[in-house]
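Some notes on the structure that comes next.
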Amino acid sequence: MAAYGLYTHIQSNKRRSVALLIGLFFLVYLLVYAGALIGEALTIDAPPDVLVRRALTDALYAAPWATLGTAIWILIAYKFHQAMIDAVTGGREVTRQEQPRLYNLLENLCISRGITVPKLKMIEDASLNAFATGMNDRQYSITVTSGLVDALDDAEVESVLGHELTHIRNGDVRMLVVAVIIAGVIGFFAELVFRLMFQGGLRWRSVRGGGGDRRGAGVAILIAVVLIVVAWILSIVIRFALSRRREYLADAGSVELTKHPDAMISALRKIEGRGELAGSTSAVMEMCIDNPREGFSNIFDTHPPIDARVAALVKLAGGHDPGPLALSAPAESRGDAGGNTPTGPWAAPAASEQPFLPSRPPIELGGPAGGGGEPGPWGPHRK
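In this text, residue positions in the sequence shown follow our numbering: the first is 1291, and each later residue adds one.
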């Protein structure tokens, strides 16, 4: 069914995401079959068709155990994924007393939509980035870098918080965590199989050096290797597809929350190219509002380009693109909540700003007649 409005796009995205997650689970079973095929090839001498049938029987027998193992992996991550992410990034929970500006902005957004306020965490890092994590209302949290808080004004920070809050509202956070976990299972199993194959060199060489049916075993092993590689590549593609699609909807959701498309655009322009979290894994960077780590010809990018996201906001939300932005000093970019001089149409002009009035000295009334050509508003007086 075609999607026309924001909420129908969200529902459509959820259906596609569930389908992609189901595809990830099938890739796990594909790897189980590939492992069974390798096991049969290294155990018995038989033609390839016999090995394929026996491997299918083995895979069906092992499927429940693979499901149980994946479920245990997911449960462990469900319980401890936030602690692991905090350990990698150095994030810590902050209180309202420490960050009243952030708390007020986030709380206002949540109150406006009746959403449970997530935990607020901060990473002491000069980079500009933010991400949301969690699997349920008790776990949800939004993490921002100190560099982002210092570089963005209140409207821009509010837009970033709205972006991450939309990920929580849409279920993107929970879905991406599960996808990363399953893809991790696939990557772990693929690496394990390759290590077992290429470190057990004698048995591999005996398969290659045999004749007759041993050549059939070599064909079976080649098929299994191809299946493993395909499953690994597809798991990466599915993860990236989940990440790329959700960013457009989160940008739109932020505008729907804040009613301020220009703030979202300027926030993206300031974050552009400044979001690298040193020492963070690729799985963490996939959760961020921007991932500056690029793949080959954008094929392996987890996020759409900033230009594409800005263009979508300009087209669909009526925003204005200022182009790439240079960062101003923190004191200039923060508003009232930061404890500095407010900016805006009603604030006092900066000392360097000149009022839009003709520059002239005051006219002295009652001076001597023909007083030497004092300057007037339209030029000097003449005698």
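Even glycine gets a Cβ: it sits at the ideal position worked out from N, Cα and C.
{"Item": "Reduced DSSP secondary structure (H/G/I, E/B, other) of MET1412", "Value": "strand"}
{"Item": "First and last residue of the uninterrupted beta strand (DSSP E) at ILE1432", "Value": "1431-1435"}
{"Item": "Span of the beta strand (DSSP E) around ARG1423", "Value": "In the sequence on display, residue 1423 carries Thr and not Arg. Per DSSP, THR1423 belongs to the beta strand (DSSP E) from 1420-1423."}
{"Item": "Continuous alpha helix (DSSP H) assignments of at least 4 residues falling wholly in the segment 1454-1490", "Value": "1462-1489"}
{"Item": "Cβ shell of ALA1557 (< 7 Å), same chain only, five flanking positions each side left out", "Value": "LEU1442, GLU1446, SER1449, VAL1450"}
{"Item": "Contact under 9 Å by Cβ, ARG1583 with SER1572", "Value": "yes"}
{"Item": "Beta-carbon contacts of LEU1341 that lie in its chain and below 6 Å, excluding the five residues immediately before and after", "Value": "GLU1330, ALA1331, ALA1510"}
{"Item": "Assigned secondary structure, ARG1583 (DSSP; H/G/I helix, E/B strand, else coil)", "Value": "coil"}
{"Item": "Opening and closing residue of the alpha helix (DSSP H) in which GLN1372 lies", "Value": "1338-1379"}
{"Item": "C-beta contact flag for VAL1527 and GLY1609 at 9 Å", "Value": "no"}
{"Item": "Exposure of GLN1387, with buried meaning 16 or more beta-carbon neighbours within 10 Å", "Value": "exposed"}
{"Item": "Same chain, Cβ closer than 6 Å to LEU1547, neighbours up to 5 away in sequence not counted", "Value": "LEU1399, GLY1452"}
{"Item": "Reduced DSSP category for ARG1559 - H, G, I as helix; E, B as strand; rest coil", "Value": "helix"}
{"Item": "C-alpha distance - ALA1507 paired with GLY1474, whole-angstrom precision", "Value": "29 Å"}
{"Item": "CYS1578 - partner residues in DSSP beta bridges", "Value": "PHE1421"}
{"Item": "Euclidean distance between Cα positions of TYR1368 and LEU1517", "Value": "29 Å"}
{"Item": "Sequence-distant residues of the same chain with beta carbon closer than 8 Å to ALA1627, five excluded per side", "Value": "Any reading at ALA1627 is ruled out, since the residue's pLDDT is 41, under 50, leaving its predicted position unreliable."}
{"Item": "At least 3 beta-carbon pairs within less than 8 Å: the segment 1351-1368 vs the segment 1315-1327", "Value": "yes"}
{"Item": "For ARG1564, the three-state DSSP class (helix, strand or coil)", "Value": "coil"}
{"Item": "Cβ neighbours of SER1417 in the same chain (closer than 7 Å, five flanking residues each side left out)", "Value": "THR1435, GLY1437, ARG1564, GLY1565, GLU1566, LEU1567"}
{"Item": "Beta-carbon contacts of LEU1647 that lie in its chain and below 7 Å, excluding the five residues immediately before and after", "Value": "Note that LEU1647 scores 41 on pLDDT, short of 50, meaning its location in the model is unreliable; the coordinates nonetheless yield the value given after this. Same-chain partners within the cutoff: there are none."}
{"Item": "Three-state secondary structure (DSSP) of GLU1537", "Value": "helix"}
{"Item": "Touching by the beta-carbon criterion (3+ pairs, under 8 Å), the segment 1598-1615 and the segment 1536-1545", "Value": "yes"}
{"Item": "Stretch-stretch touch, CB-based, cutoff 8 Å, three pairs: the segment 1363-1383 with the segment 1466-1482", "Value": "yes"}
{"Item": "Neighbourhood of TRP1522 by C-beta, 8 Å cutoff - its chain only, sequence neighbours within 5 removed", "Value": "ILE1476, GLY1477, ALA1480"}
{"Item": "ARG1382 (DSSP reduced to helix, strand or coil)", "Value": "strand"}
{"Item": "Residue from SER1570, SER1525, GLU1562 with nearest C-alpha to HIS1593", "Value": "GLU1562"}
{"Item": "Closest residue to ILE1413 among ALA1377, GLU1397, SER1402, ARG1428 (Cα-Cα distance)", "Value": "ALA1377"}
{"Item": "Per-residue burial, ASN1419 [other beta carbons within 10 Å of its own, 16 or more giving buried]", "Value": "buried"}
{"Item": "Pairwise C-alpha distance: VAL1322 and ALA1352", "Value": "7 Å"}
{"Item": "Euclidean distance between Cα positions of PRO1614 and ALA1598", "Value": "13 Å"}
{"Item": "Sequence-distant residues of the same chain with beta carbon closer than 6 Å to PRO1408, five excluded per side", "Value": "TYR1430, SER1431, ILE1432"}
{"Item": "First through last residue of the alpha helix (DSSP H) which encompasses GLU1397", "Value": "1390-1403"}
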